[in-house]
Each structure stands twice: as structure tokens, then as C-alpha cells.
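Numbering (my numbering), first residue to last: 5 to 155.
Following: one structure in C-alpha cells, then a few remarks.
This is the structure:
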């Protein structure tokens with residue numbers, strides 16, 4: 005029973021993180037003019053939505069009647085994305101990429117912490133591990149773009 009509660013709690017934490025990222029990338033897509041960046045941010049927003057859906061399905065399969073379905077009201081992800089609006093207001097691609105990278109730093113950290121959970125159910129661990137690899141790739145892509153974008 006303790007393993008089940010811990011697994012569901014971990015899933016819900018990641019869903020919040022993913023929903024925060026989904027919204028952050030949506031805002032980022034709205035704030036850039038570059039069509040390639042806009043497309044990339046929309047792609048990452050959809051990816052986060054898909055990942056959240058996968059985890060919500062796992063939570064339901066484990067008996068959770070109401071898995072998390074929104075981002076966090078507070079916490080590291082919220083603070084990481086909070087400066088995105090000011091970057092968007094300036095329409096500064098470099099600043100937007102920097103804020104996205106900051107958000108991705110938090111997402112990577114959340115996934116690493118989730119994978120360290122000893123009592124995590126194995127099917128959930130496999131999903132989290134796969135998602136982590138894609139989140140890390142997104143982080144690295146954003147970092148690369150930020151490093152090549154002129155301020």
C-alpha cells in the first residue's frame with residue numbers, strides 16, 4: 005500500500021511539472037516570431053501534454069480516481085517559468101530560450117528525483133525513464149539554441 009501511494013504521489017508531482025511545461029512552452033510559442041522556434045515550442049508543449057496523459061492513465065490504472073490535471077500553483081516549476089512573460093513582452097528570443105531552459109532544468113531535476121524513488125512500480129519507472137530521456141533531449145536542444153541565439 006505504501007508503494008502504491010508513493011508511486012501515485014510521484015506520478016502526480018510529474019504531471020504538475022509537465023502541465024507547467026506545457027503552459028510555458030505554449031506561452032513561449034506565442035512570444036517568438038521565428039517560425040522554427042514557434043514550431044519547436046508548440047511541439048514541446050504537445051509533448052508535455054502527451055506525457056501528462058500517459059502518467060494520468062497510469063495513475064488511474066493504479067486506482068487513483070482523480071489524477072492531477074493542472075500545473076502547480078507554487079513550487080520550483082512555477083518560479084522557473086514566472087519570468088517567461090517578461091521575456092515574451094520584450095519579444096527577445098534569447099531571453100525566451102533562457103527562460104525555457106530554466107524551466108527545463110527544473111523538469112530534468114523532477115524526473116531525476118522521481119527515478120530515485122525506490123518503491124516506484126516498474127511499469128511506471130519505465131515510462132518515467134523514457135520520458136526523462138526525451139525531456140533531457142528537449143533541454144539540450146533549447147540550451148543549444150539559446151547558446152547560438154544573439155542577445
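Glycine included, C-beta positions come from ideal geometry on N, C-alpha and C.
- Between residue 12 and residue 66, the beta carbon gap of about 6 Å places them in contact (Cβ cut-off 8 Å).
- An exposed status is given to residue 152, since fewer than 16 other beta-carbon atoms sit within 10 Å of its beta-carbon.
- Considering only 23, 94 and 18, the residue with the shortest C-alpha distance to residue 119 is 18.
- If the five residues before and after residue 22 are omitted, its C-beta is found closer than 6 Å to the C-beta atoms of 52, 55 and 56, all from its own chain and listed in chain order.
- With a contact defined as Cβ atoms closer than 8 Å, residue 146 and residue 105 qualify at about 5 Å.
- Going by beta carbons, residue 128 and residue 62 fall inside the 8 Å limit.
- Here the alpha carbon of residue 45 sits roughly 29 Å from the alpha carbon of residue 64.
- Straight across, the Cα-Cα distance linking residue 123 with residue 39 is about 43 Å.
- Comparing alpha-carbon positions, the option among 26, 30 and 35 lying closest to residue 97 turns out to be 35.
- Distances from the alpha-carbon of residue 140 to those of 125, 115, 58 and 42 put 115 closest.
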